[in-house]
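A.B. asks:
In my numbering, the protein residues as written are 2 to 927.
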């Protein structure tokens, strides 16, 4: 197939031209040709063909046009016009074209080749290439196709290439001494582009060489007047210098008698060397196929008339340099004029970042500029570099950049060049750059890397150990390479040995180093960069980094971070976002942050080394107080039994104002608890092993956590919390805390149906409550014991315990305990078939609940009463009680009681049906 776009749209199969009459067909093909070999989304195609107001049946119309274009291409199988689908639905199309099939592609290639020949001094060859390119231009691009945004942009781009080609052809002819032949064309071009200084300079030179010095000077004055009138500026220095030389009738401006094919080297001019500076390829590079593909597309396709710049950012040790070098080697054929490589030392331990003028000096020396001719000023050196490479196809790899200000002077401007940058910083201020964030490897890629390093046989022999090593290294390529190198050097060691050594978190970073490679050193480079910058934001970020590492958990919210740092939220966010920019922290979502496991171990080392123990303790307790205040507030919106304020004289929570939580309703409460559950569990577990005051705060935090987890029957987490409370209480010698822990542990045994252990915990808790004289605790545990006995159908024992509970509650004047006790006693009487006694107790419980405004217990009592009335055949009364209970649940209660009420209210009609038959049932046919 051949496609013509430089003029009316043409489609050829061999020597046969294929007509495409309908305008929409031509528009579709033209838009696909603008992005040949790339997927063009259906949404974009719809916008291009129909604008902002497409018809309702646009999907079918587009499919129909695609089918007709395929038919014109003779491509019924969809091999040339490829559909890209998600499921059964097309989301884009790609037109596959080969080299030289599109006249515009050939047009641009010829112009670029001509430019290269011109730079190399081959003016005759350059003129031939440019002549051939301009011969392909038949008319304005897509001349017979209705305009669309894509077509107009492509036409503008191609027109700019045409102007560039005409300029370059004129330059070649001037070098060949053919100034008379270009005067007419220059006269026309200057009229079309009156402010284009390069064209004006060529025109002035051609006029001067033709013996028309006055006309040349008049051309300069005309431009100068136009620039002053329209832009308020003077002509640029090159044109001013040309004007002065024409004024002086400089003979060196006249054409030479001949143009040598190759200038001889002199002491002031070295032969230009094509740079091939890429480091060697790594034999162990694996994975990163998706990222590699993205970089190929960015760098091969160029930047639409401007230099293509791709930035790979990521944490230290994530494999940025390896990916950049691997990709650059694959692209060498696309950049025949050479490849520069420089390590900018932006994050190299013990080395300061290279200055831009030092790097420019290296580049210019390689390009043949004598050292004495290299400008000392950075701006001038950068301008010289851009001039020398303007028409070349060069790939420049700037590895390990410190920041945008280091990179910016090193960027070329020619559209044939491409730049690949790696950095630990987010170089977002670099104009025109496309950014690729590189994270840790996927698990299968990390496994493949270990296979490459130690051999597939060892990996296959110990798959579980391999998985553990991958996880313990956090899937970080540098860590995996180091551990892999150590394993390769010890072929007799089983992989499980390395698992054991890496499992020790305190010494893990010691294990991940070999020779001059070290994860700790890599992280030190990033950390030192913010520690020693002198910037106040960086110093705050360094402190945030240290303290963040001492609080366990998968992530941390902004409010917790602000409490940790003891600053306002906006100050905490500034510090944390700086760490995100330095890739020492990852932002999961606005206001939520995560730290890689190995980075956390490094941060822990720094906080131990640089923060005094008292500050570490205060920081952790600030987070605990925030978590405690918010958890207690959240649980207050759930339907849990009201908890007495439990503060001992030693409880640090008794001093100072607690943070004010922002939770406003049950939905927000449940959402916060769901998000923070893993963080709360991890923080409590860690804090319980710290100082006595910190451990007491941790124990307090377990209580709201227990009441959040219990309705969800999360037995494993509940057991962890209860065991932690009991162990911590015994370490602290706190009998009251121990009783709480045993009470909660009994609930875990109840969920797991471990009744013997449950009774043992409850009786031990009772003994402790009595020893401390805590009647509230004794009442609570007695109620739990009575309820558990009833659930086990040990009703007589339950009644006996509950009578003790009621007597103690009445003696203490505890109305809430009386409501609970009467309800439990009523349920025990139901089990003994003493329904009248049960009704009496439940009605008393209902009355007391209403008097004290306890809606949850009121709803539960109504539910219990409804079922007793149902068993007695008092259906209407039972239904009324059930309806009232459900209304209360909807209006006032949390998830657990609502669920219980809904279950009973749904079960009730089923029971009713079994007793009296379905409503309005017809007599079954006989």
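A virtual CB, placed ideally from N, CA and C, is assigned to each residue, including glycine.
Could you pull the DSSP bridge partners for residue 277 from this structure?
C.D. replies: According to DSSP, which records beta bridges pairwise, residue 277 is partnered with 340.
A.B. asks: Can you tell me where the beta strand (DSSP E) with residue 438 in it begins and where it stops?
C.D. replies: 434-438
A.B. asks: Pick from 632, 689, 704: whose alpha carbon is nearest that of residue 675?
C.D. replies: 632
A.B. asks: Spatial neighbours of residue 557 within its chain, please: CB distance less than 6 Å, with the 5 preceding and 5 following residues excluded, ordered by chain position.
C.D. replies: 594
A.B. asks: State buried or exposed for residue 408, treating a residue as buried only when at least 16 other CB atoms are found within 10 Å of its CB.
C.D. replies: buried
A.B. asks: State the beta-bridge partners of residue 421 as determined by DSSP.
C.D. replies: 311, 398
A.B. asks: Quick check on residue 430: does DSSP put it in helix, strand or coil?
C.D. replies: coil
A.B. asks: Within the same chain, show all residues whose beta-carbon is closer than 6 Å to that of residue 670, passing over the 5 residues directly before and after it, in chain order.
C.D. replies: 635, 638, 664
A.B. asks: Identify the residues that DSSP records as bridge partners of residue 203: which are they?
C.D. replies: Answer by DSSP bridge pairing: none, since residue 203 is not bridged.
A.B. asks: Does residue 834 pass the burial test, meaning 16 or more other C-beta atoms within 10 Å, or should it be called exposed?
C.D. replies: exposed
A.B. asks: In whole angstroms, give me the CA-to-CA distance for residue 153 and residue 42.
C.D. replies: When rounded, the distance between both Cα atoms is 18 Å.
A.B. asks: Going by C-alpha to C-alpha distance, which of 614, 510, 522, 573 sits closest to residue 551?
C.D. replies: Looking at the Cα atoms, 614 is the closest of the given residues.
A.B. asks: To the nearest angstrom, how far is it from the Cα of residue 469 to the Cα of residue 500?
C.D. replies: Rounded to the nearest whole angstrom, the CA to CA distance from residue 469 to residue 500 is 7 Å.
A.B. asks: If you run the structure through DSSP and keep just helix, strand and coil, what is residue 515?
C.D. replies: strand
A.B. asks: Skipping 5 residues on each side, what residues in its chain have a beta carbon closer than 8 Å to that of residue 329?
C.D. replies: 279, 340, 342, 396, 398, 421
A.B. asks: Roughly how many angstroms lie between the CA atoms of residue 322 and residue 144, to the nearest whole one?
C.D. replies: 46 Å
A.B. asks: Taking residue 722 as part of the alpha helix (DSSP H), name the residues at either end of that continuous run.
C.D. replies: 716-733
A.B. asks: With the cut-off set at 8 Å, would you say residue 209 and residue 254 are in Cβ contact?
C.D. replies: yes
A.B. asks: Taking Cβ to Cβ, would you say residue 625 is nearer than 8 Å to residue 548?
C.D. replies: no
A.B. asks: What residue from 38, 110, 592, 685 has the CA that sits closest to residue 82's CA?
C.D. replies: 38
A.B. asks: Around the Cβ of residue 782, are there at least 16 other Cβ atoms within 10 angstroms (buried) or fewer (exposed)?
C.D. replies: buried
A.B. asks: Tell me the start and end of each unbroken alpha helix (DSSP H) in the segment 560-639 that is at least 4 residues and wholly inside, in chain order.
C.D. replies: 570-582, 598-611, 614-637
A.B. asks: At what residue ranges does the segment 82-111 contain a whole run of the alpha helix (DSSP H), taking only runs of 4 or more?
C.D. replies: none
A.B. asks: Return yes when the Cβ of residue 95 is within less than 8 Å of the Cβ of residue 6, no when it is not.
C.D. replies: no
A.B. asks: Going by alpha carbons, who is nearest to residue 806 out of 777, 796, 528?
C.D. replies: 777
A.B. asks: Let me make sure I understand the geometry here. Which of 231, 165, 156, 471 has the alpha-carbon closest to that of residue 199?
C.D. replies: 165
A.B. asks: At 4 residues or longer, what runs of the alpha helix (DSSP H) sit wholly inside the segment 675-716?
C.D. replies: 693-710
A.B. asks: Between residue 761 and residue 744, what straight-line distance do the alpha-carbon atoms span, to the nearest angstrom?
C.D. replies: 10 Å
A.B. asks: Between 205, 307, 311, which has its C-alpha nearest residue 297's C-alpha?
C.D. replies: 311
A.B. asks: Do you know offhand how far residue 93's Cα is from residue 158's?
C.D. replies: 24 Å
A.B. asks: Just to confirm before moving on: does the CB-CB distance between residue 561 and residue 627 stay below 8 Å?
C.D. replies: Yes, they are a contact pair.
A.B. asks: For residue 883, list the residues DSSP reports as bridge partners.
C.D. replies: Looking at the DSSP assignment, residue 883 forms no beta bridge with any residue, so it has no partner.
A.B. asks: Within 10 angstroms of its Cβ, does residue 416 collect 16 or more other Cβ (buried), or is it exposed?
C.D. replies: buried
A.B. asks: Please identify the residue among 456, 786, 855, 287 whose C-alpha is closest to the C-alpha of residue 489.
C.D. replies: 456
A.B. asks: How far does the alpha helix (DSSP H) with residue 844 in it reach, from first residue to last?
C.D. replies: 836-853
A.B. asks: If I measure Cβ to Cβ from residue 524 and keep anything under 7 Å in the same chain, skipping five residues before and after, which residues do I get?
C.D. replies: 317, 600, 603
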